[in-house]
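Counting from 1, position 713 in the sequence shown corresponds to residue 712 in numbering that gives the first Met the number 0; the numbering is continuous, with no gaps.
Note that the Cβ used here is the ideal one computed from N, Cα and C, for glycine as well.
Structure first, then comments.
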Amino acid sequence: MIALIVAHFALAACAGPLVHRLGRRAFVVLALPPAAATVWALTRWDTVASSGADTWSWQWIPDYGVALDLRLDALAELMVLLAAGVGALVLLYCASYFTDDTPQLGRFAGNLLAFAGAMLALVLADDLITLYVFWELTTVFSYLLIGHGSEHRHSRRSALQALVVTTFGGLAMLVGFLILGQAAGTYRISAIVADPPETTLAVSVAVVLVLCGALSKSAIWPFSMWLPNAMAAPTPVSAYLHAAAMVKAGVYLVARLAPAFADVPVWKPVVLVLGGATMLLGGWRALRLNDLKLVLAYGTVSQLGFLTLLAGTGNRNAALAAAAMILGHALFKAPLFLVTGIVDHATGTRDLRRLSGVGRSLPYVAGVAVLAAASMAALPPLLGFAAKEAAFEALLHGSAADRWALAVVVAGSALTTAYSLRFVWGAFARKPGVPDTPVHRVGWAFLAPPALLAVLGLVLGPGVGWTDRLLGAYADTFPADGKPYHLALWHGFGLALLLSALAWAAGTVLFLGRARVTRLSRRIAWPTADSVFGHLLLGQERLALQVTGFIQRGSLSVYLATTLLVMLAGQLAVLVVDTPWDGAVRPRLWDNPLQGAVAALTCAAALLCLTVRRRMKAVVLAGLTGYGTALLFVVQGAPDLALTQFCVETVSMIVFVLVLRRMPVHFHETVSTWRRATRIPMALAAAATIGVGMWVAAAARTAEPAGAAMVREVADHGLKDVVATILVDLRAWDTMGESAVLAAAAIGVTSLIYLHRRSEGTMVQEELRGRTAWSLSAHHSSKLPQGDDAAPERGWLAAGATLAPEHRSIVFEVVARLLFHPILVLSVYLLFCAESLPGGGFVAGLVAGLALITRYLAGGRFELAEAAPLQPGLFTGLGLFISTGVGLLGLADGTVLHAFTYYGHLPVFGKYHLSTSVLFDFGVYLLVLGVVLDIVRALGAKIDRQIERAAGVLAPEGGPEAGGAPR
0 MIALIVAHFA LAACAGPLVH RLGRRAFVVL ALPPAAATVW ALTRWDTVAS SGADTWSWQW
60 IPDYGVALDL RLDALAELMV LLAAGVGALV LLYCASYFTD DTPQLGRFAG NLLAFAGAML
120 ALVLADDLIT LYVFWELTTV FSYLLIGHGS EHRHSRRSAL QALVVTTFGG LAMLVGFLIL
180 GQAAGTYRIS AIVADPPETT LAVSVAVVLV LCGALSKSAI WPFSMWLPNA MAAPTPVSAY
240 LHAAAMVKAG VYLVARLAPA FADVPVWKPV VLVLGGATML LGGWRALRLN DLKLVLAYGT
300 VSQLGFLTLL AGTGNRNAAL AAAAMILGHA LFKAPLFLVT GIVDHATGTR DLRRLSGVGR
360 SLPYVAGVAV LAAASMAALP PLLGFAAKEA AFEALLHGSA ADRWALAVVV AGSALTTAYS
420 LRFVWGAFAR KPGVPDTPVH RVGWAFLAPP ALLAVLGLVL GPGVGWTDRL LGAYADTFPA
480 DGKPYHLALW HGFGLALLLS ALAWAAGTVL FLGRARVTRL SRRIAWPTAD SVFGHLLLGQ
540 ERLALQVTGF IQRGSLSVYL ATTLLVMLAG QLAVLVVDTP WDGAVRPRLW DNPLQGAVAA
600 LTCAAALLCL TVRRRMKAVV LAGLTGYGTA LLFVVQGAPD LALTQFCVET VSMIVFVLVL
660 RRMPVHFHET VSTWRRATRI PMALAAAATI GVGMWVAAAA RTAEPAGAAM VREVADHGLK
720 DVVATILVDL RAWDTMGESA VLAAAAIGVT SLIYLHRRSE GTMVQEELRG RTAWSLSAHH
780 SSKLPQGDDA APERGWLAAG ATLAPEHRSI VFEVVARLLF HPILVLSVYL LFCAESLPGG
840 GFVAGLVAGL ALITRYLAGG RFELAEAAPL QPGLFTGLGL FISTGVGLLG LADGTVLHAF
900 TYYGHLPVFG KYHLSTSVLF DFGVYLLVLG VVLDIVRALG AKIDRQIERA AGVLAPEGGP
960 EAGGAPR
């Protein structure tokens with residue numbers, strides 16, 4: 000099972016090169032994974048039809064009971080055959096539908112095959128979390144497929160609408176899954192269905208939330224607006240996603256959970272009412288549309304309502320009818336969509352008002368369409384008839400609510416007959432006053448996929464008994480209610496057959512009076528759900544603008560004050576109501592007086608920040624608060640934290656100074672006296688509240704601290720530095736996540752500076768026509784002694800020639816050059832000594848970054864380019880790659896980020912050991928170095944270039960548009 004799923008995604012990743020090499024013939028190769036899945040499912044038919052199941056499991060998050068569980072039972076077998084079988088035929092159909100020069104064909108092919116893989120995994124999932132993951136993957140891939148023609152506004156809007164609606168439902172469903180998993184004590188679907196949790200308020204809420212996800216996925220009213228708009232996708236997408244795959248996911252989920260939750264009081268009202276309403280509304284709307292795809296789209300909405308109603312009824316015979324109808328719907332709706340694509344391909348239009356005489360020109364295509372439409376209208380001897388008869392019988396002998404649902408289904412069946420006739424007449428009939436539509440020949444390869452599906456619908460009508468064992472195995476998961484129904488084409492004359500005849504007759508009358516029906520339908524038409532959705536989005540955007548304009552006034556101090564006030568109000572309310580300090584240990588002011596002195600100085604620096612008006616003073620005072628915090632770490636005995644804090648504050652202050660070069664000296668915000676007078680009390684109140692909250696949280700501890708256990712764990716591995724071991728081993732997941740966030744933040748910051756290109760080119764000194772930004776403000780004095788030209792001169796910096804003499808500090812240049820390499824060596828030492836001494840990849844990367852910053856401060860951007868000729872992105876990307884690779888290496892022992900240690904002996908150095916945690920730390924080292932270098936280049940070198948360009952000292956080819964290649 001898992002191999003088939005992986006094969007889909009693996010080949011989807013290769014779709015681009017395959018299409019580039021083979022053109023549209025690549026679809027034949029891409030059809031192999033779903034074809035293999037179909038063959039595999041057929042080989043398991045006997046096992047699952049005998050109520051057996053094939054399972055596969057891999058523990059994903061063992062501590063939380065989350066596993067990648069796959070299970071093939073009777074219902075999953077049916078869905079696999081549909082998702083994989085129809086998927087393979089649609090991919091073969093694409094080889095004739097598209098041309099070799101179709102834009103972005105490789106991307107489309109990859110997305111379609113990846114969607115097939117996600118759908119396959121969805122129906123095989125036996126874990127709620129696993130099901131949700133693949134559920135959302137189908138949402139993402141459907142968004143990409145619907146928006147394939149992204150150059151058209153309608154395609155983009157339709158894709159976004161489908162994404163918003165189905166994602167909203169999916170998030171609600173996830174909450175419901177979590178509640179159900181907690182209530183049942185397991186997330187395994189088969190276990191929940193076998194032993195459902197007791198019906199409580201929480202379970203009822205969870206069921207409603209899960210139904211929100213299922214109904215939004217299957218386009219059930221009021222979520223039905225996205226499916227007709229999704230017809231903007233290419234026809235193969237409509238045939239697969241909207242007939243056999245994606246829209247069936249919601250029906251599948253209802254069918255999967257119905258044995259467990261159909262008796263929950265909220266289940267049947269939601270399913271029966273919304274399913275029946277959708278069947279009527281969709282069928283009625285299909286009678287007044289002229290686009291063949293839209294006729295089928297609203298017909299699909301109607302049929303999905305019917306399927307949802309059947310699947311959620313909650314008795315054995317209705318479940319059997321639902322399974323048969325799911326099969327029948329795929330076998331008639333998919334070929335109808337594919338035939339629509341052929342008609343559009345051959346005639347250039349889908350407007351039934353312009354189509355005439357196509358049936359005479361394309362008789363075989365018309366024959367396939369008639370077979371599929373007859374099955375949709377439930378005419379004998381097709382599969383649709385057998386499935387509809389089973390549905391009538393199940394509802395007829397059900398409860399009172401089921402019989403009311405039966406009346407709705409009969410009315411909906413009449414509408415189905417009407418729009419089935421309308422489709423065949425509109426696509427193929429010769430219409431009075433309309434000239435015959437010119438067509439071109441259709442190849443057999445083009446027609447074969449829909450013909451095969453339509454013929455299967457014909458064969459499985461008389462042969463529906465062949466499927467009775469399989470579909471009955473699913474139906475038997477419901478309690479037996481009276482005499483069990485068995486699928487057959489003919490059950491004799493009875494009330495069910497009479498109801499079918501009534502539906503055919505009423506549908507024929509509606510079709511014959513189509514002109515009047517169309518006028519009536521348009522006259523009483525309510526606002527479409529699509530227009531309601533659009534107005535809701537517009538109203539939400541306007542409300543967001545109003546709220547944004549009211550709250551965001553452009554004042555950072557107001558934003559901070561608002562945040563602090565909200566925090567104060569919430570924290571004070573909790574503290575006053577709960578009084579958590581009762582019985583808490585009384586806090587000590589300090590462990591020794593030195594802590595109090597450092598804390599007092601730190602607080603004084605923080606309060607002074609509120610009074611200054613010069614930006615540089617504010618930066619220095621803010622930096623002093625950071626250094627004061629680092630001193631507290633030193634006094635407390637935490638050298639690792641202190642070293643990291645010192646380095647972070649130093650880098651931060653330098654970055655602030657670089658930014659201040661492009662900002663006014665003073666704060667320009669006008670602050671009234673009363674606002675300035677309220678800042679200090681507000682800051683003190685916020686600090687006091689946070690302090691009390693930390694004291695209360697620390698005093699509320701009831702369990703033993705984890706520190707002692709971590710110390711023992713580290714000692715057992717022969718290590719000494721607990722902090723570094725926590726970062727790269729015990730809590731390596733946190734470090735990896737923080738590293739990714741750090742990289743993303745650096746990319747975001749520098750992207751604000753590099754609006755066009757992030758590369759600085761070669762930064763050769765010849766690009767200058769004058770002095771650098773570091774000497775533009777200076778007035779060179781010709782009165783200064785020039786010295787002896789013959790005297791030897793030592794260049795301490797590689798880019799010293801770009802600096803004006805009056806701006807050079809020989810002492811700083813010498814110190815920067817002499818300390819550069821020792822600082823780099825120190826960074827490497829801090830990296831490798833972290834197992835036993837303070838250090839680690841993060842602080843080592845900061846130290847290496849400080850070495851490069853020193854070179855920049857001494858010689859400018861050219862000196863930085865000489866010191867670090869490689870692009871920062873190389874370090875950042877390589878660091879992430881190494882850390883991720885080391886993490887995945889742990890899978891060799893079954894766990895991500897599992898640590899390995901190698902012991903060896905070198906002739907000179909003696910015994911040594913190398914741990915994967917050190918390699919992980921090396922990745923962090925490179926990432927931090929790349930981030931620091933990227934920020935310095937963005938806020939230092941880039942701003943230098945802007946200053947030089949504004950002063951006209953850069954050569955024309957030195958601009959960002961001319962130099963360097965994009966990174």
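- prompt: Where does Leu-661 land, buried or exposed, given buried means 16+ other C-beta within 10 angstroms?
  reply: The question names Leu, but residue 661 in the sequence shown is Arg. By the 10 Å Cβ count, Arg-661 comes out exposed.
message: Rounded to whole angstroms, what is the Cα-Cα separation between Leu-3 and Leu-631?
response: Roughly 57 Å between the two C-alpha positions.
- request: List the residues that DSSP assigns as beta-bridge partners of Asp-53.
  value: Asp-53 pairs with Leu-71.
- prompt: Any idea which residues DSSP pairs Ser-203 with across the strands?
  reply: Ser-203 pairs with nothing; no bridge assigned.
query: Going by alpha carbons, who is nearest to Ile-325 out of Phe-336, Leu-309, Gly-340?
result: Closest in C-alpha terms to Ile-325, from the list Phe-336, Leu-309, Gly-340, comes Leu-309.
task: Please classify Trp-732: does DSSP put it in a helix, a strand, or coil?
output: Residue state for Trp-732 is assigned as helix, using DSSP reduced to three classes.
query: What does a CB cutoff of less than 7 Å around Val-516 pick up in its chain, not counting 5 residues either side in sequence?
result: If we look at Val-516 and ignore the five residues flanking it on each side, its Cβ neighbours are Leu-286, Leu-509.
task: Just list the beta strand (DSSP E) runs in the segment 532-617, keeping only unbroken ones of 3 residues or longer that don't cross its boundaries, in chain order.
output: Taking only runs of at least 3 residues, no beta strand (DSSP E) segment lies wholly in the segment 532-617.
task: Measure the beta-carbon distance from Val-206 to Phe-260 and round it to whole angstroms, keeping in mind my assumption that it falls under 8 Å.
output: 5 Å between Cβ atoms; contact.
Nearest-angstrom Cα separation, counted from Ala-333 out to Leu-381: Those two C-alpha atoms are separated by around 15 Å.
Start-to-end residues for the alpha helix (DSSP H) that takes in Gly-298: Per DSSP, Gly-298 belongs to the alpha helix (DSSP H) from 291-311.
task: State the Cα-Cα distance for the pair Ala-857 and Ile-679, rounded to the nearest angstrom.
output: So the alpha carbons of these two residues sit roughly 39 Å apart.
- request: Answer with buried or exposed for Ser-882, where buried requires no fewer than 16 other C-beta atoms within 10 angstroms of its C-beta.
  value: Under this definition Ser-882 is a buried residue.
query: Just to confirm, are Ala-629 and Phe-645 a CB contact at a threshold of 8 Å?
result: The answer is yes: Cβ separation under 8 Å.
query: Does DSSP classify Tyr-626 as helix, strand or coil?
result: The three-state secondary structure of Tyr-626, taken from DSSP, is helix.
- request: State the DSSP-derived secondary structure class of Thr-415, mapped to helix, strand or coil.
  value: Correct three-state label for Thr-415: helix.
query: Helix, strand or coil for Gly-884 per DSSP?
result: Helix.
message: Along the chain, where does the beta strand (DSSP E) containing Tyr-131 start, and where does it finish?
response: From DSSP, Tyr-131 is part of no beta strand (DSSP E) but of the alpha helix (DSSP H) over 127-145.
task: Assign Leu-465 to buried or exposed, taking buried as 16 or more other Cβ atoms, counted over all protein chains shown, within 10 Å of its Cβ.
output: A small correction: the amino acid at residue 465 is Trp; Leu does not occupy that position in the sequence shown. Exposed, by the Cβ-count rule.
query: Which value, in whole angstroms, describes the spacing of the CA atoms of Leu-623 and Leu-144?
result: Their Cα atoms are separated by approximately 54 Å.
- prompt: By a C-beta neighbour count over all protein chains shown, 10 Å radius and 16 as the cutoff for buried, is Met-735 buried or exposed?
  reply: Burial is judged here by how many other beta carbons sit within 10 angstroms of a residue's own beta carbon; Met-735 has at least 16 and is buried.
field: Same chain, Cβ closer than 7 Å to Val-930, five either side skipped, listed in chain order
entry: Excluding its 5 nearest sequence neighbours in each direction, Val-930 has C-beta neighbours in its own chain below 7 Å: Leu-741, Ala-742, Ala-745, Thr-875, listed in chain order.
field: At least three beta-carbon pairs within less than 8 Å, the segment 171-187 to the segment 143-157
entry: Contact between the segment 171-187 and the segment 143-157 is absent: fewer than 3 CB-CB pairs across the two stretches fall below 8 Å.
field: Cut-off 8 Å between Cβ atoms - residues of its own chain near Glu-812, not counting five sequence neighbours on either side
entry: Listed in chain order, the non-local C-beta contacts of Glu-812 below 8 Å within the same chain comprise Trp-795, Leu-796, Gly-799, Ala-857, Gly-858, local neighbours out to five positions each way being set aside.
Contact between the segment 308-322 and the segment 433-446 (3+ Cβ pairs under 8 Å): No, because fewer than three Cβ pairs between the segment 308-322 and the segment 433-446 fall closer than 8 Å, the two stretches do not touch.
- prompt: Going by other Cβ atoms of all chains shown within 10 Å of its Cβ, with 16 needed for buried, is Val-820 buried or exposed?
  reply: It should be noted that the sequence gives His, not Val, for residue 820. Exposed, because fewer than 16 other Cβ atoms sit within 10 Å of the Cβ of His-820.
- prompt: Can you give, in chain order, each stretch of the alpha helix (DSSP H) that sits fully within the segment 401-473 and has at least 4 residues?
  reply: Here the runs fully enclosed are 443-458.
query: Does the Cβ of Arg-854 have 16 or more other Cβ atoms within 10 Å, making it buried, or fewer, making it exposed?
result: Looking at its Cβ environment, which holds 16 or more other Cβ atoms inside 10 Å, Arg-854 is buried.
task: Can you say whether Leu-295 is buried or exposed, counting buried as having 16 or more other CB atoms within 10 angstroms of its CB?
output: Leu-295 is buried by the Cβ-count criterion.
Beta-carbon gap between Val-409 and Ala-502 smaller than 8 Å: Taking a C-beta distance under 8 Å as the contact criterion, Val-409 and Ala-502 qualify as a contact pair.
- request: Pull up the distance between the alpha-carbon of Gln-870 and that of Lys-216, whole angstroms please.
  value: Cα-Cα distance, rounded: 45 Å.
query: With DSSP run on the structure shown, which of helix, strand or coil describes Gly-967?
result: With the chain running from 0 to 966 in the structure shown, residue 967 is simply not present.
message: I want to know whether the segment 401-418 touches the segment 480-491 - three or more CB-CB distances under 8 Å.
response: No contact exists between the segment 401-418 and the segment 480-491.
task: Using the DSSP secondary-structure output, state which residues sit across from Val-65 in a beta bridge.
output: BP columns for Val-65 point to Ile-60.
message: Among Val-584, Leu-17, Ser-738, Ala-372, whose alpha-carbon lies nearest the alpha-carbon of Arg-700?
response: Out of Val-584, Leu-17, Ser-738, Ala-372, Val-584 has the C-alpha closest to the C-alpha of Arg-700.
- prompt: Could you give the residue range of the alpha helix (DSSP H) that holds Cys-646?
  reply: Residue range 638-659 is occupied by the alpha helix (DSSP H) that includes Cys-646.
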